[in-house]
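For reference, the structure discussed in these notes is given below.
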Amino acid sequence: EQIYRALSNSGSASLLDPLKVIPTILPAQGEAARDIMALVGNNCSAKEVIIAIQEAVERIQSSLYSEDDDEEKRTSLVGQLDSLISLSASSIIRLRLRNKTASETITPVVSDLQETIRLVPSHSVPTEGRHLVGTVSYTVQNILKWARTSTDNKVDEIVKCKTVLHGLLEATVTACIPFIRSSLAQKAFNVFFPRLVVRSVFRPGQEESDKAIQDATDASTALGYSPSALLWRPSIASLVLLAHNPLTLPFTSAWLLSFLPIILTSMQTNVALDESLAILYHQLTRATDIPQEVLSPLAEVLPSLASVHPDSSTRFLAFRLLAQLLTFASSQTRLEILRDLTSESPFPQMRTAAIGLVKEAVLEAISCAPSARQSNVFASPLFMRTFSPILFRPSPPSLFSSSLSLADFQDSSEPSRLAESVALLYILLKRDTSNLTGILISDEFEKVENALLKPLRSFLSSIKSTQEYNNRQGKQKFRLLPS
116 EQIYRALSNS
126 GSASLLDPLK
136 VIPTILPAQG
146 EAARDIMALV
156 GNNCSAKEVI
166 IAIQEAVERI
176 QSSLYSEDDD
186 EEKRTSLVGQ
196 LDSLISLSAS
206 SIIRLRLRNK
216 TASETITPVV
226 SDLQETIRLV
236 PSHSVPTEGR
246 HLVGTVSYTV
256 QNILKWARTS
266 TDNKVDEIVK
276 CKTVLHGLLE
286 ATVTACIPFI
296 RSSLAQKAFN
306 VFFPRLVVRS
316 VFRPGQEESD
326 KAIQDATDAS
336 TALGYSPSAL
346 LWRPSIASLV
356 LLAHNPLTLP
366 FTSAWLLSFL
376 PIILTSMQTN
386 VALDESLAIL
396 YHQLTRATDI
406 PQEVLSPLAE
416 VLPSLASVHP
426 DSSTRFLAFR
436 LLAQLLTFAS
446 SQTRLEILRD
456 LTSESPFPQM
466 RTAAIGLVKE
476 AVLEAISCAP
486 SARQSNVFAS
496 PLFMRTFSPI
506 LFRPSPPSLF
516 SSSLSLADFQ
526 DSSEPSRLAE
536 SVALLYILLK
546 RDTSNLTGIL
556 ISDEFEKVEN
566 ALLKPLRSFL
576 SSIKSTQEYN
586 NRQGKQKFRL
596 LPS
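Residue numbers (my numbering): 116 to 598.
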């Protein structure tokens with residue numbers, strides 16, 4: 116701090132050698148070090164500063180490429196990179212063009228920064244990642260202003276500069292996606308399904324994340340890539356910026372189809388997942404139609420996400436999206452999807468949870484107007500023919516005929532699945548008084564009775580008898596103990 120004050124008060128900062136000062140000060144932490152770097156960027160030879168920046172970026176790039184697992188060291192490199200980006204802004208805007216155009220001048224340093232930002236480790240400190248987005252957003256806007264002034268606003272040259280700078284901004288947003296934690300999907304769910312909200316989970320960093328994305332959106336717009344323009348440039352960075360801009364949502368069917376591969380990849384790789392789920396909530400609650408080309412792949416991806424994602428709130432959000440998605444399917448398609456989920460899903464938890472989706476579909480069908488029921492397979496005997504062999508019997512069918520212990524039964528997924536199935540059976544008997552599903556046909560109910568209810572009663576009865584016997588034996592042993 117004393118060095119900074121001395122340099123600032125004496126006005127001698129221009130005498131410093133950037134090639135020596137920058138690599139010396141760069142690893143240092145603290146406000147004083149940043150202030151000295153700012154003095155160098157604003158007062159020393161701009162060309163020398165840029166050379167020093169490129170050399171420092173090369174060293175950082177080499178370190179990030181290395182196999183070094185020192186997390187603290189790798190994280191500190193992100194802070195150094197942030198400082199160099201700020202330094203590049205203050206240096207470039209002091210350059211005077213001579214033999215090179217503006218785009219030729221900025222391309223080498225911007226390309227180096229862009230390549231290095233792509234290497235930013237996903238385990239970096241989130242605050243540093245969010246700050247990096249803001250720094251780059253500020254930098255590209257300042258460099259663009261310099262380019263306009265330096266080139267007398269020549270259209271061709273400005274377009275080239277915008278392209279170079281947008282590449283840097285897009286790479287930064289993409290690299291820093293893991294640090295953007297705005298909880299967009301949860302917020303969208305809270306808005307569209309307020310009655311289902313039990314409690315809203317606040318996650319640290321939401322305000323900082325929103326600010327970082329707003330900075331990036333402002334910078335993108337300044338470069339000629341407004342949110343509406345980003346619709347024509349499907350990319351993971353575009354998806355992130357658009358998800359934070361509700362005015363662009365929901366997408367038209369054409370836009371949704373163009374972004375669908377990115378959304379699917381996002382859901383499969385867990386990258387920008389929050390943004391993808393948020394976009395889908397807007398689509399599935401505000402759009403009037405979902406193309407079959409969108410519905411089918413989403414119906415394949417959402418079940419696995421709802422089953423195995425490590426975050427419970429994400430599993431819930433994905434499951435409710437799946438439920439909403441199915442309302443856009445024809446009743447025949449919906450039946451086929453639910454048949455597969457309840458019988459062939461590799462995830463036991465989904466085979467159980469999907470029974471709730473079956474219940475929603477059949478209640479919706481038997482509650483609708485008579486004219487609508489005619490084309491709804493859930494309000495027809497096809498319902499029982501399809502789901503009775505799946506839901507209203509144990510899995511495997513011989514489960515209760517073997518010497519099944521209570522402990523083994525409880526350790527399996529069958530108790531929860533059968534509980535859901537019996538609950539569905541009860542609701543059908545209570546609500547389908549017109550026998551639309553065929554549940555009241557004697558032959559159908561006899562199949563349910565023989566396949567599920569009798570074996571289940573017998574098993575529960577044997578368990579109860581065993582427990583009563585054990586209790587009696589325990590009491591007898593207790594009475595035999597000496598007093």
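Note that CB positions come from ideal geometry on N, CA and C, so glycine has one too.
**OP:** Thinking lysine 562 and serine 503 are a contact (beta carbons under 8 Å), I'd like their distance in whole angstroms, please.
**Re:** Contact between lysine 562 and serine 503 holds, with the beta-carbon distance rounding to 6 Å and staying under 8 Å.
**OP:** Report yes or no: do three or more beta-carbon pairs, one from the region 383-400 and one from the region 298-310, lie closer than 8 Å?
**Re:** Taking one beta carbon from each stretch, the region 383-400 and the region 298-310 have 3 or more pairs nearer than 8 Å; the two touch.
Original post:
Which whole-angstrom value is the C-beta distance of leucine 456 and phenylalanine 493, which I expect to be below 8 Å?
Top reply: With a contact defined as Cβ atoms closer than 8 Å, leucine 456 and phenylalanine 493 miss out at about 15 Å.
**OP:** Taking serine 205 and glycine 145 to be in contact with their CB atoms under 8 Å, please state how far apart those CB atoms are, rounded to whole angstroms.
**Re:** With a Cβ gap of about 19 Å, serine 205 and glycine 145 do not count as contacting.
**OP:** With cysteine 276 as the anchor, note down where its alpha helix (DSSP H) starts and where it stops.
**Re:** For cysteine 276, the uninterrupted alpha helix (DSSP H) run begins and ends at 270-290, by DSSP.
Subject >> Pair within 8 Å by beta-carbon distance, valine 235 and valine 193 >> reply: Contact flag set, yes.
Original post:
How is the alpha helix (DSSP H) around serine 381 delimited, first residue to last?
Top reply: Note, serine 381: alpha helix (DSSP H), 368-384.
**OP:** Quick one: give me the first and last residue of the alpha helix (DSSP H) that tyrosine 180 is part of.
**Re:** Element bounds for tyrosine 180: 161-180.
**OP:** Let me know the secondary structure DSSP gives alanine 387 once reduced to three states.
**Re:** Coil, per DSSP.
Subject >> For phenylalanine 462, the nearest candidate out of Arg500, Ser419, Ile481, Ser427 (CA to CA) >> reply: Phenylalanine 462 has its Cα closest to that of Ser419, out of Arg500, Ser419, Ile481, Ser427.
Original post:
Near asparagine 360, what residues of its chain come up, given a Cβ to Cβ distance below 6 Å and the 5 sequence neighbours on each side ignored?
Top reply: For asparagine 360, the CB contacts under 6 Å within the same chain, skipping 5 residues up- and downstream, are Pro342 in chain order.
Original post:
At what residues does the alpha helix (DSSP H) containing tryptophan 261 begin and finish?
Top reply: Where tryptophan 261 is concerned, the enclosing alpha helix (DSSP H) stretches over 241-265.
Subject >> For leucine 134, three-class secondary structure by DSSP >> reply: Correct three-state label for leucine 134: helix.
Original post:
Between which two residues does the alpha helix (DSSP H) carrying aspartate 650 extend?
Top reply: Because the chain here runs from 116 to 598, residue 650 falls outside it and cannot be looked at.
Original post:
So is aspartate 547 buried or exposed if we call it buried at 16+ other beta carbons inside 10 Å?
Top reply: Buried, since its Cβ has 16 or more Cβ neighbours within 10 Å.
Original post:
Of all the options Ser531, Leu399, Leu131, which has the alpha carbon lying nearest to the alpha carbon of proline 365?
Top reply: Considering only alpha carbons, the answer is Leu399.
Subject >> Entirely enclosed alpha helix (DSSP H) segments - the region 412-453, minimum 4 residues >> reply: Listed in chain order, they are 427-441.
Subject >> Rounded separation between valine 274 and glutamine 256 - CA only >> reply: Looking at the two C-alpha atoms, the distance is approximately 14 Å.
Original post:
What are the start and end residues of the alpha helix (DSSP H) that includes aspartate 558?
Top reply: From DSSP, the alpha helix (DSSP H) with aspartate 558 extends over 557-563.
Original post:
proline 62 lies in the alpha helix (DSSP H); which residues open and close that run?
Top reply: For the chain, the structure presents residues 116 to 598; residue 62 sits outside this window and is missing.
**OP:** With distances taken Cα to Cα, identify the nearest neighbour of threonine 384 among Cys276, Leu362, Val416.
**Re:** Answer by Cα proximity: Val416.
Subject >> Under the three-state DSSP convention, the category glutamate 459 falls into >> reply: Coil at glutamate 459, not helix or strand.
Subject >> threonine 216 to cysteine 276 span [Cα, whole Å] >> reply: Roughly 10 Å between the two C-alpha positions.
Original post:
Can you tell me whether glutamine 229 is buried or exposed, with buried defined as 16 or more other CB within 10 angstroms of its CB?
Top reply: Buried, by the Cβ-count rule.
Subject >> Neighbour-count burial assignment, valine 164, 16 or more Cβ in a 10 Å radius >> reply: Buried, by the Cβ-count rule.
Subject >> Three-way DSSP call (helix, strand, coil) for phenylalanine 593 in this model >> reply: Per-residue confidence for phenylalanine 593 stands at a pLDDT of 37, beneath the threshold of 50, marking its modelled position as unreliable; no derived number is given.
**OP:** For the alpha helix (DSSP H) holding leucine 506, just list the boundary residues, first then last.
**Re:** If you look at leucine 506, you'll find it in the alpha helix (DSSP H) that goes 497-506.
Original post:
How long is the line joining the alpha carbons of threonine 403 and phenylalanine 443, rounded to whole angstroms?
Top reply: Cα atoms of threonine 403 and phenylalanine 443: separation of roughly 9 Å, rounded to the nearest angstrom.
Original post:
Taking one C-beta from the region 551-561 and one from the region 463-482 each time, how about it: are there three or more such pairs within less than 8 Å?
Top reply: Touching, per the Cβ criterion.
Original post:
In this structure, does DSSP put glutamine 489 in helix, strand or coil?
Top reply: It is coil, neither helix nor strand.
Original post:
Is it a yes or a no for the region 166-177 touching the region 134-151, going by three-plus beta-carbon pairs under 8 Å?
Top reply: Contact annotation: the region 166-177 touches the region 134-151, with at least three C-beta pairs closer than 8 Å.
**OP:** Consult DSSP for threonine 336 and reduce its assignment to one of helix, strand or coil.
**Re:** Residue state, collapsed to three classes: helix.
**OP:** Could you tell me which of Val312, Pro319, Ala290 sits nearest to serine 353, measuring between CA atoms?
**Re:** For the set Val312, Pro319, Ala290, the Cα lying nearest the Cα of serine 353 is the one of Ala290.
**OP:** Starting from proline 342, follow the alpha helix (DSSP H) in both directions and report where the run begins and ends.
**Re:** Counted as a single uninterrupted DSSP element, the alpha helix (DSSP H) harbouring proline 342 occupies residues 342-345.
Original post:
Starting from asparagine 214 and walking both ways along the alpha helix (DSSP H), at which residues does that stretch end?
Top reply: Unbroken run through asparagine 214: none, as it is neither H nor E.
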